[in-house]
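Visitor: Sharing a structure, written as structure tokens. Questions coming.
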Amino acid sequence: MTAIGKPLDRVDGLLKVTGQARYAGEFADPDLLHGSVVSSTIARGRVVKIDASKALALPGVVMVLDHLNRPKLASYDDAFADADAADGSPFRPLYNDRVLYSGQPLALVIADNLELARHAGSLVHIEYESEAFETDLLVRQEHAHASPQTPPKPRGNFQAQWSAAAVSLDVHYSTPIEHHNPMEPHASTVLYQPDGTLHIHDKTQGPQNCQAYVQKVFGLDKSQVRIFAAFVGGAFGSGLRPQYQLPLAVMASLALKRSVRVTLTRQQMFTFGYRPRTLQRLQMGAAADGRLLALGHTAIGQTSRFEDFSEHVVEWSGMLYHCDNVQLTYKLVPLDVFTPLDMRAPGAALGVIGLECAMDELACALGMDPVQLRLINYAERNQNEDKPWSSKALRECYREGAERFGWHLRNPEPRSMREGQQLIGWGMAGGVWEAMQMKASAKARIDAQGKLTVSSATTDIGTGTYTVMTQIAAQASGVAVKDVTFLLGDSSLPTAPLQGGSFTVSSVGTAVQQACEALNAKLLKIARQTYPVFEGADTVRFEDGQLHTGDVSVSLAQLVKDSGEEALAVQVDSEPDKKREGYATATHSAVFVEVRVDEDLGTIHVSRVVSAVAAGRVVNPKMARSQILGGVVWGIGMALHEETQVDHQLGRYMNHSLAEYHIPVNADIGDIDVLFVEEHDEIVNALGSKGVGEIGIVGVAAAVANAVYHATGKRVRDFPITLDKVL
Ligand code: MOS
């Protein structure tokens, strides 16, 4: 019986489509109070006075919390950090009178219902003392400082090789601020228990991260805080850190000894982390035959004044191609803004735009096919780490992707392919993402009915975790999929890392597999003690909920009964595979894109995408394909639509709503073809699965940009590529 590799439907699908899946802001309590956040309208300065008298005068308004009347907190005066914290001092809501950015939460109105709370919030009058501020990365780029997380040291002699190269280029790209905008806004429902403990339904990618945070901030014991996140309506990184609605809801709940819910509005979804704006410079030097002799990648990103957010923007340029003379530089500019936050393929989604657009420009300068240029410079080792790859089927991605797309029919000349008014462009790019593995624990429990329950404190942010963990457990235990239940999203379950970084299958999946194997060992021991036929049996197998040897079998349910226990359970703590140590591990992709650009109007339509992905063993091709589809759609958005626009006079976002923050809609998306190439990897982890959460987005924006160039002959290096820039 093989459960792994099957395109199983989502095991939680029925709950979702019938509305039975409940999200953080949907849990009821007869006594529930509702909070509404009042946000700062200035970008920097001080709160002089908060006048809440008009709000408090309304019947049903219970309280207005601000920095002066909030409850005393245990560790607001010390640094506290969470599992995905940036360097520096985390933002502390309602800490003091300082205003650090526009949109900062300054007060929380608590009322009997949400409408009243929001109306009352509009009546809270705040007096400010404004100070000069700067939110524009361009203006402050000369003040960039080195990131605390430094890229790999230079290798070879970049400068000399670059200056002497037969063909060289020096190009600048920029990418805008982007916001995660998951469909479900952030929300925390704090259910105040009769014994004073807190049950909190939170929108998060890591319930234990939020539990530790609440514990530390409020000086509570672990047993007093339990965090649930059974369903998460998208996150993309926005739930990696506890967001401010969580401490605000807890503050109110503890102050009032009542249950409290705080949900953020869509506008307020723009008042915390985001993908930072970057300015990038790519310098490449190549021999006439296409060999890369020198590669320099400099990126400047923005951060806040209170934390240094860093991500891997330039690293990819030192590993995707073979090059002996490499210089990577990454700097940060502190601005009067909130700290950025990891967002799907953090760093890679940005840096690979610069790298892969520059590779296309180099191919044009050399008069060489862009796929050919990449093959000439294929990296057999990860030169950043000086390690061989555990596996790397990128050549197969190029080949199979090109074949599926029909790349050989491409006329390399820009503006050479058209249909009436439509200029047709074909572009491609490569992608890379890490294949990480973290420590994780899981518990497997089988009852006397043969039902298996496996659990771990991970989350399913829409990725399909419930489903793939069910498959991994079924495969490892020999219990039928229908008899397996996977539990997640509860801080009281065995320890799991944040769901992120594409490492949930490799980390939690490995723990699930090991827990099931350990449970089987326990069942086998009982069989050997109970049935003579199993006593000396060399070969046994677990299949269809039975233990077999030869043509004898006994059901696992019977073995549980034989044990005299109600159920048998095993918990394991799994570690990253030791075999990984000598290797570099990554997923790779090749993306091929067709765009149609209206010659008169400059409108760009992405009519076809082929994404070929090498990610090791695919646990569920349906879920995995969905992950890649989502990534491709987002990559198209990065190329053509997404941009959080800032009014730098006000230090404030202008398009903070889904009406004005542009993302692709169905009409923007053409055919997307996803293919997974064969990749066998026994080193990356016991499952051989690398994870597909992020690789789908990487390289897509560059492939679209390269296709736009091929269609029009125009390079737009300032993202997104809107029609005004193309015309
Ligand atoms: Mo992802 S940015 O690791 O949630």
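Residue numbers for the sequence shown follow the working numbering, so the first one is 14 and each next one is one higher.
Think of the CB as a built atom: it goes at the ideal place given N, C-alpha and C, for glycine as much as any other residue.
State yes or no: is the C-beta of Q172 nearer than 8 angstroms to some heavy atom of the ligand MOS?
Guide: No, since every heavy atom of the ligand MOS falls outside the 8 angstroms radius drawn around the Cβ of Q172.
Visitor: Alpha carbon to alpha carbon, how far is V697 from R665?
Guide: If I take the Cα positions, the gap works out to 44 angstroms.
Visitor: Just list the alpha helix (DSSP H) runs in the stretch 541–566, keeping only unbroken ones of 4 residues or longer that don't cross its boundaries, in chain order.
Guide: Taking only runs of at least 4 residues, the alpha helix (DSSP H) segments lying wholly in the stretch 541–566 are 545–548.
Visitor: Taking the straight line between their C-alpha atoms, what separation do you get for M430 and N424?
Guide: Spanning the two alpha carbons is a distance of roughly 7 angstroms.
Visitor: If L436 sits next to A724, beta carbons under 8 angstroms apart, how far is it from one beta carbon to the other, in whole angstroms?
Guide: The pair is a contact, with the Cβ atoms about 4 angstroms apart (cut-off 8 angstroms).
Visitor: When the Cα atoms are used, what is the spatial distance from Q218 to T478?
Guide: Their backbone Cα atoms lie some 12 angstroms apart in a straight line.
Visitor: Look at the alpha carbon of G475 and the alpha carbon of M636, and state the distance between them as a whole number of angstroms.
Guide: Answer to the nearest angstrom: the Cα atoms are 9 angstroms apart.
Visitor: Taking only heavy atoms of the ligand MOS into account, decide whether any of them is closer than 8 angstroms to the Cβ of I758.
Guide: Any answer about residue 758 is impossible in this case: the structure gives the chain only from 14 up to 740.
Visitor: Which two residues bound the contiguous beta strand (DSSP E) that contains V273?
Guide: Per DSSP, V273 belongs to the beta strand (DSSP E) from V273 to T276.
Visitor: For F40, tell me which candidate among A628, T276, S620 and A680 has the shortest Cα-Cα distance.
Guide: Nearest C-alpha to F40: T276.
Visitor: Kindly examine the ligand MOS and report whether one of its heavy atoms sits closer than 8 angstroms to the Cβ of E142.
Guide: E142 Cβ: outside cutoff for every heavy atom of the ligand MOS.
Visitor: Along the chain, where does the alpha helix (DSSP H) that runs through E374 open and close?
Guide: That run of the alpha helix (DSSP H) goes A361 to L379.
Visitor: Taking C-beta to C-beta, are L388 and R408 nearer than 9 angstroms?
Guide: Cβ distance < 9 angstroms, so L388 and R408 count as in contact.
Visitor: Check each candidate in A582, Q559, T210 and G563 and name the one with the smallest Cα separation from Q571.
Guide: Cα-wise, what sits closest to Q571 is Q559.
Visitor: For T311 and L295, I'd like the C-alpha separation in whole angstroms.
Guide: Going by the C-alpha atoms only, they are around 7 angstroms apart.
Visitor: Could you pull the DSSP bridge partners for P118 from this structure?
Guide: The partner list for P118 (beta bridge, DSSP) reads S52.
Visitor: Beta-carbon within less than 8 angstroms of A599's beta-carbon, same chain only, minus the 5 sequence neighbours each way: which residues are those?
Guide: Within the same chain, A599 has close Cβ partners M332, N395, W402, K405, V445, W446, E447, A448 and K703.
Visitor: In its own chain, which residues sit with a C-beta less than 7 angstroms from the C-beta of S266, not counting the 5 before and 5 after it?
Guide: Closer than 7 angstroms at Cβ, skipping near neighbours: V203, Y205, L211, S272 and V273.
Visitor: Keeping to the same chain, check which residues put their C-beta closer than 6 angstroms to that of F146; ignore five residues upstream and five downstream.
Guide: Only A56, R57, D349 and G664 meet the Cβ criterion.
Visitor: Check whether the Cβ atoms of V112 and R59 lie closer than 9 angstroms to each other.
Guide: Cβ distance < 9 angstroms, so V112 and R59 count as in contact.
Visitor: Skipping 5 residues on each side, what residues in its chain have a beta carbon closer than 8 angstroms to that of S176?
Guide: Taken in chain order, the residues that qualify are G298.
Visitor: Name the two residues that bound the continuous beta strand (DSSP E) containing F499.
Guide: Its beta strand (DSSP E) spans residues V497 to L500.
Visitor: Are A179 and A16 close, meaning C-beta to C-beta below 9 angstroms?
Guide: Taking 9 angstroms as the Cβ cut-off, A179 and A16 do not qualify as a contacting pair.
Visitor: Does the distance between the C-beta of R638 and the nearest non-hydrogen atom of the ligand MOS fall short of 8 angstroms?
Guide: Incorrect: R638 has no Cβ contact closer than 8 angstroms to the ligand MOS.
Visitor: Tell me the rounded alpha-carbon separation between A200 and T278.
Guide: Looking at the two C-alpha atoms, the distance is approximately 9 angstroms.
Visitor: Less than 8 angstroms separating the Cβ of M356 from some heavy atom of the ligand MOS?
Guide: Yes, since a heavy atom of the ligand MOS falls inside the 8 angstroms radius drawn around the Cβ of M356.
Visitor: Does the beta-carbon distance from C410 to A603 come in below 9 angstroms?
Guide: Taking 9 angstroms as the Cβ cut-off, C410 and A603 qualify as a contacting pair.
Visitor: Is the stretch 536–550 in contact with the stretch 500–516, if contact means three or more CB pairs nearer than 8 angstroms?
Guide: No, the stretch 536–550 does not touch the stretch 500–516.
Visitor: Give the list of continuous beta strand (DSSP E) stretches no shorter than 3 residues that lie fully inside the stretch 422–499.
Guide: Entirely contained in the stretch 422–499, the beta strand (DSSP E) runs reaching 3 residues are, in chain order, 435–447, 453–460 and 465–468.
Visitor: For N719, count neighbouring Cβ atoms within 10 angstroms of its own Cβ and tell me buried if that reaches 16, exposed if not.
Guide: The residue is buried, with at least 16 neighbouring Cβ atoms inside 10 Å.
Visitor: On the criterion of 16 or more Cβ atoms from any shown chain inside 10 Å, does Y391 qualify as buried, or is it exposed?
Guide: So Y391 ends up on the exposed side.
Visitor: If you draw a straight line from the C-alpha of G134 to the C-alpha of S115, how long is it?
Guide: G134 and S115: Cα-Cα distance of roughly 17 angstroms.
Visitor: Taking 9 angstroms as the threshold (beta carbon to beta carbon), is Y226 in contact with chain B?
Guide: You won't find chain B in this structure, because it holds only one protein chain.
Visitor: Mind reading off the beta-carbon distance from L107 to R83? Whole number of angstroms is fine, and I expect it under 8 angstroms.
Guide: So it is a contact: roughly 5 angstroms between Cβ atoms.
Visitor: Verify the contact flag: E328, CB atom, against every heavy atom of the ligand MOS, threshold strictly below 8 angstroms.
Guide: E328: no, Cβ never under 8 angstroms from the ligand MOS.
Visitor: Out of T472, A550 and P118, point me to the one whose CA is closest to M282's CA.
Guide: Nearest C-alpha to M282: P118.
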